[in-house]
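Novice: Counting in full-length UniProt numbering, the sequence shown runs without a single skipped number right up to 369 at its last residue.
Here a beta-carbon is modelled for each residue, glycine too, at the ideal position from N, C-alpha and C.
Here it is, the structure in full.
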Amino acid sequence: MNIIPAIDETEIMTDYHYLHQHGEVAFHEHETTAYLARRLDDMHIAYEHFNGMTGLIATLGAGSPVIALRADIDALKQTYQNKLQVVHSCGHDGHMSLALSVGRYFSAHPHGLHGTLKLVFQPSEETGEGAEAVLKTGQLGHIDYFYGVHVRPQQEVAFGQCEAIIPHGSTQTITGTITGQTFHAGMPEQGHNVIEAFTRLNEKIMAIDLDTNVPYSAKATIFKAGDSTNIIPGTGTFALDLRAQTNDTMADLTKIVDQIIADVQDDHFSVRTNKTGFSPAAIPSKNAIGYMSQAITAVLGQRGLVDSVPSAGGDDFHFYAYSHPEIQSTMLGLGCDLTPGLHVPSMTFKTDALFYGAKILIDAISRTA
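If you want it as structure tokens, here you go:
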């Protein structure tokens, strides 16, 4: 039987308050990385910086299984209180504090760790590029189990409760440029109006009807063309937002959208596109979810474990298992009465949730074998 671990709540709050006040945007988390390194030095935990970018990876223990815990480290540049500033409105300050607490515990209680633990302090989650960048460094090495954590909105998971998996969907952004022929509005037959081409494209996007019960959506979010009221625009730019609850459905949806874009092109119009912001859906692992579920009930009781709520949001954490299917992974959905919502500059949550969040992560890692 696992014993609920004792944690240092004061240290968690020290880390949280510092990180909360020193947010940095994606791939520019230099002071954040330096702070994390200092704290790991204090705990005598070995680590290495990622090659050519911010973030670092710390290692405790040895042998198998190899367990990783990801903490995202970037913040968002937003206008708050009439001032443009960098804000931790997605809770990454809390995630880092939890990972440091996990490291602190296993540094002091190495007997509780079966195998190797890697703490992955990952940059640039908000751009969807950080996990792929970590993988490309080659520094991650072999991983058997990969855990993540994310604070959850109050309407999804309440304080004192947690999810054993966050069923994020897959997201994809397609940006494009349509080129036609600019001409005077008095002679429209001489030009090729990109607004007409985009209208055809958008109508076909809205008419997509996949034969599936899996939730999905495709919609235009940006279209810009023309600067003058008396000129037919010959160039326009657009963006499409694609979402699907599974990776297979996203693949089907993307294929159809690609064909729609191809069909818009003819002798009068050409379209150039670029796919960005892809984030895969969660890939459920029975074993990883099982360990996390057991840890939640051990710390919070049976009523503390709640059914997962499908999320239309995405997280690049899922790139790890998507790129390496042998990895078993899951994310702890931490109930913390977060209001009014993620990415809202005024977002707040009950920081006491970090205390039981740390215990759950420690317990889950201790169980993993």
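With DSSP as the reference, please indicate the residues paired to Val157 in a beta bridge.
Specialist: Residue numbering aside, residue 157 sits at position 157 when the sequence shown is read from its first letter. DSSP, once it has assigned bridges, lists no residue as partnering Val157.
Novice: Enumerated in chain order, which unbroken segments of the beta strand (DSSP E) with a length of 3 residues or greater are wholly contained in the UniProt domain "Peptidase M20 dimerisation" (177-265)?
Specialist: Listed in chain order, the complete beta strand (DSSP E) runs (minimum 3 residues) inside the UniProt domain "Peptidase M20 dimerisation" (177-265) are 216-225, 235-244.
Novice: Closer than 8 Å by C-beta to Met1: which residues in its own chain qualify, once you throw out the five before and the five after it? Chain order, please.
Specialist: As a position in the sequence shown, residue 1 is number 1, starting the count at 1. With a pLDDT of 49 at Met1, under the threshold of 50, the modelled position of that residue is not reliable, and no figure is offered here.
Novice: If we cut at 9 Å on Cβ distances, does Val264 have a partner in chain C?
Specialist: Absent here is chain C; the protein component of the structure consists of one chain.
Novice: Considering Cα atoms alone, identify which of Gly176, Ile365, Pro65, Gly115 is closest to Val271.
Specialist: The sequence position of residue 271 within the sequence shown is 271, counting from 1. Looking at the Cα atoms, Gly176 is the closest of the given residues.
Novice: Thinking just about the alpha-carbon of each residue, which of Ile362, Arg367, Leu305 is nearest to the one in Val157?
Specialist: As a first step, residue 157 is located in the sequence shown; it is residue number 157 there, counting from the start. Checking every option, the nearest Cα to that of Val157 belongs to Leu305.
Novice: With distances taken Cα to Cα, identify the nearest neighbour of Ala26 among Pro123, Arg104, Leu98.
Specialist: Taking the first residue of the sequence shown as position 1, residue 26 is located at position 26. It is Pro123.
Novice: Between Pro233 and the rest of its own chain, which residues show a CB-CB distance below 6 Å, the 5 nearest in sequence each way excluded?
Specialist: Counting from 1 along the sequence shown, the entry for residue 233 is found at position 233. Contacts found: Val194, Ala225, Gly226.
Novice: On the criterion of 16 or more Cβ atoms from any shown chain inside 10 Å, does Leu119 qualify as buried, or is it exposed?
Specialist: Taking the first residue of the sequence shown as position 1, residue 119 is located at position 119. It counts as buried.
Novice: Determine the DSSP secondary structure at Thr10, reduced to helix, strand or coil.
Specialist: Looking up residue 10 in the sequence shown gives position 10. In this structure, Thr10 counts as helix in the three-state DSSP scheme.
Novice: Alpha carbon to alpha carbon, what distance is there between Thr182 and Ile231?
Specialist: Locating residue 231 in the sequence shown gives position 231, counting from the first residue. Locating residue 182 in the sequence shown gives position 182, counting from the first residue. Roughly 7 Å between the two C-alpha positions.
Novice: At what residues does the alpha helix (DSSP H) containing Lys357 begin and finish?
Specialist: Position 357 of the sequence shown, counted from the start, is the residue given in the question as residue 357. Looking at the sequence provided, one finds Gly at residue 357 rather than Lys. Note, Gly357: alpha helix (DSSP H), 353-367.
Novice: Starting from Asn274, follow the beta strand (DSSP E) in both directions and report where the run begins and ends.
Specialist: The residue you call residue 274 lines up with position 274 of the sequence shown. 270-279 is the extent of the beta strand (DSSP E) around Asn274.
Novice: Distance, Cα to Cα, Arg70 vs His92?
Specialist: In the sequence shown, residue 70 corresponds to position 70, counting from 1. In the sequence shown, residue 92 corresponds to position 92, counting from 1. C-alpha separation (whole angstroms): 11 Å.
Novice: Give the range of the alpha helix (DSSP H) segment to which Met292 is assigned.
Specialist: For the purposes of this step, residue 292 is taken as residue 292 along the sequence shown, with counting starting at 1. Here the alpha helix (DSSP H) through Met292 covers 286-300.
Novice: Taking DSSP as the reference, what is the three-state secondary structure of Lys118?
Specialist: One-based indexing of the sequence shown puts residue 118 at position 118. Reduced to three states, the DSSP call for Lys118 is strand.
Novice: Spatial neighbours of Leu40 within its chain, please: CB distance less than 6 Å, with the 5 preceding and 5 following residues excluded, ordered by chain position.
Specialist: On the sequence shown, residue 40 is found 40 positions in, with the first residue counted as 1. Counting only Cβ-Cβ distances below 6 Å, and skipping sequence neighbours, we find Tyr47, Ala58.
Novice: Residues in its own chain within less than 8 Å of Met292 by CB, not counting five upstream and five downstream?
Specialist: For the purposes of this step, residue 292 is identified with residue 292 of the sequence shown, where counting begins at 1. Tyr147, Ala164, Ile165, Thr330, Leu332, Ile360, Ala364.
Novice: Leaving out five residues before and five after Asp267 in sequence, what residues of the same chain have Cβ atoms less than 6 Å from its Cβ?
Specialist: As a position in the sequence shown, residue 267 is number 267, starting the count at 1. For Asp267, where only same-chain residues beyond five positions count, there are no Cβ hits under 6 Å.
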